[in-house]
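What follows is a set of notes on a single structure, which appears directly below.
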Amino acid sequence: MTWWPETAADINTPRANEYKYVTEVLDYGWHNTSSPNTSSPGFNMRLEQAFAKKFGVNYAITHNSGTGTMHSCLMAAGVGPGDEVIIPPLTAAATALVVIYQNAVPVFADIDPHTFNIDPESIRERITPYTKAIIPVALYGQSPDMEAIMAIAEEHNLVVIEDCAEAFLAQYKGKLAGTIGHMGSFSFQGSKHMTCGDGGIVITDDPDYSRKVRYGMCFGFSTLEAESAATTAPPREVRQDPGFARHLTLGWNYRLPELCAAAALGQLERLDDLVSWRQAVAAGYAEVIGDCDWLRPQEVPEGYVNSYWCYTVLIDTDEITWHQFRDRYVEFGGDPIYGAWRPIYLEPVFTEERFYGRGCPNHCPLYKGTPQKYGKGLCPVTERIQPRLLQFRTNWDQQRAQQQFEALGKTIAYFEGNS
Ligand SMILES: Cc1ncc(COP(=O)(O)O)c(C=O)c1O
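Counting from 5, one number per residue, gives the positions in the sequence shown under my numbering.
Written out as structure tokens, the structure is:
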């Protein structure tokens, strides 16, 4: 096979700059790098500036998770009790839970049966006078139809927060995923394209959103501005004054440790390779699947570039169950495959509404909409497709990837009666 990128050896091995930058932090010694006013040796600031440059946006704000990022974005968007936020049900729990964190109401729109991404038409059907924001998820490495989503948002004056936790360098009609909505959110959690164990970042072109996202990230500090805190902090005499008013708004502590920022910067510097690697592994799976008519990979429409956090395939036949497929695949030497997450609204936290225990957000006195009923039938396309999805990992080294391709080939042959 000729599809391996030349520059990547083993995707999971840290490279020289990751070690170098982390060592720089350690050599500097422990001190109050977490303060929004200092950031020596400055890796949060360097990471923010490099990330913003890479994505061609004005601002980037580091966080300690890709959940905290979205929470800060919701706060910056002014989402709170009584508001509805439209999200897809096929995503990590984080996308839905951050809405609950803000005591707002998650409203689930169905997915497209081919791309598995949120369906703009379903979004349109879910809009009410209480809708305040949409969080479209770039699922498995592929952007949803952002043109259609932004048109709906404009029509109804909604804020769009792109959840791109899984979609570094994915493209939509020539634009990078995360740069199309009002804010874009990324995760550096261990399974993601670029990682530092845990972490995340928000990008935006809007100085007002940037400043408010920083407030969310760090206790609503009055010293925070749209730009990196390290470049905008007022002088010490001001900050050390006992009368100094520090906390302008509500905010959380979502600071990213310098050690993680250092590792993440090293990863960012080779993000192109990290993404190409996954795309190459995805191409390997695609080649094996070939024209098999009962395995249907996530469709990549014209003008989209999927960055393949994972390679996702629908078992498009009633003859073979998910468990039968997985058992054979493992028997043939494949690594155990994950199924897709249950639709979030079918998780006990939603069906039982185990939130704050006071009926909120659905029965919050500030909510004037129709309380959502989280249960079967809410999003029929998702419920039909989700139990039949196979999420093949793409962050294998070359040898393990080869093993997966062979197992996949044998599994297909087995079910086609050619084994
Ligand atoms: C689509 C999606 N959104 C949000 C998150 C949350 O990110 P984190 O784990 O960094 O909080 C994840 C994964 O972890 C994810 O896959």
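The beta carbon of each residue, even a glycine, is placed where N, CA and C say it ideally should be.
This structure is a prediction, so every number in the text was calculated from the model and none was measured.
Quick one: Cα of residue i to Cα of residue j, how far?
i, j, result
"Asn41", "Gly33", "Confidence at Asn41 is low in this model, with a pLDDT of 46, below 50, so its placement is unreliable and the value that follows should be read with caution. The alpha-carbon atoms of Asn41 and Gly33 are separated by roughly 17 Å."
"Glu335", "Ile207", "43 Å"
"Ala169", "Lys196", "7 Å"
"Asn107", "Thr321", "41 Å"
"Ser232", "Gly220", "14 Å"
"Ile153", "Lys179", "15 Å"
"Gly413", "Tyr315", "15 Å"
"Gly70", "Gly203", "6 Å"
"Asn310", "Phe192", "18 Å"
"Tyr434", "Trp281", "Because the chain here runs from 5 to 423, residue 434 falls outside it and cannot be looked at."
"Leu394", "Val385", "16 Å"
"Pro140", "Glu241", "44 Å"
"His327", "Pro391", "10 Å"
"Glu402", "Asp14", "It is Gln, not Glu, that sits at residue 402 in the sequence shown. Approximately 7 Å, taken between the alpha carbons."
"Pro92", "Met150", "14 Å"
"Glu323", "Phe329", "10 Å"
"Asp245", "Ala64", "30 Å"
"Asn366", "Asn121", "25 Å"
"Ala251", "Gln175", "Reading off the sequence shown, one finds His at residue 251, where the question assumed Ala. Going by the C-alpha atoms only, they are around 38 Å apart."
Leaving out five residues before and five after residue i in sequence, what residues of the same chain have Cβ atoms less than 7 Å from its Cβ?
i, result
"Asp123", "Ala113, Asp114, Ile115, Asp116"
"Glu22", "Ala267, Gly270, Gln271"
"Glu229", "Arg215, Thr236"
"Val61", "Thr183, Ile207, Thr208, Asp209"
State the DSSP-derived secondary structure class of residue i, mapped to helix, strand or coil.
i, result
"Lys136", "strand"
"Met187", "strand"
"Asp212", "helix"
"Pro40", "The predicted position of Pro40 is uncertain, since its pLDDT is 45 and thus under 50; a value taken from the coordinates is nonetheless stated next. Of the three classes helix, strand and coil, the one that applies to Pro40 here is coil, per DSSP."
"Leu252", "coil"
"Arg282", "helix"
"Lys372", "coil"
"Ala64", "strand"
"Asn107", "coil"
"Gln328", "helix"
"Ile122", "strand"
"Asp320", "coil"
"Ile389", "helix"
"Lys414", "helix"
"Ile90", "strand"
"Val163", "strand"
"Gln175", "strand"
"Gly72", "helix"
"Arg358", "coil"
Assuming contact is defined by CB atoms lying nearer than 9 Å, are residue i and residue j in contact in what I supplied?
i, j, result
"Arg269", "Ala56", "Residue 269 is actually Leu in this sequence, not Arg. Against a cut-off of 9 Å, the Cβ pair of Ala56 and Leu269 comes out as no contact."
"Val304", "Thr95", "no"
"Val109", "Tyr371", "yes"
"Trp81", "His186", "The question names Trp, but residue 81 in the sequence shown is Ala. In contact: Ala81 and His186 (Cβ atoms closer than 9 Å)."
"Leu51", "Phe172", "no"
"Tyr349", "Ile341", "no"
"Leu424", "Arg346", "Since the displayed the chain opens at 5 and closes at 423, residue 424 lies outside it and no answer follows."
"Gln406", "Gly288", "yes"
"Val353", "Ala98", "no"
"Glu273", "Phe47", "no"
"Ser147", "Glu129", "no"
"Val103", "Leu143", "no"
"Glu357", "Gly363", "yes"
"Ile205", "Thr17", "no"
Can you give me the Cβ contacts of residue i inside the same chain, cut-off strictly under 6 Å, excluding the 5 residues immediately before and after it?
i, result
"Ser38", "Per-residue confidence for Ser38 stands at a pLDDT of 47, beneath the threshold of 50, marking its modelled position as unreliable; no derived number is given."
"Cys368", "Pro85"
"Thr253", "Tyr219, Gly224"
"Ala286", "Tyr312, Tyr315, Thr398"
Cutting at 8 Å between CB atoms, please list the residues of its own chain near residue i, excluding the five before and the five after it.
i, result
"Ile156", "Pro124, Ile127, Arg128, Ile131, Ile138, Leu162"
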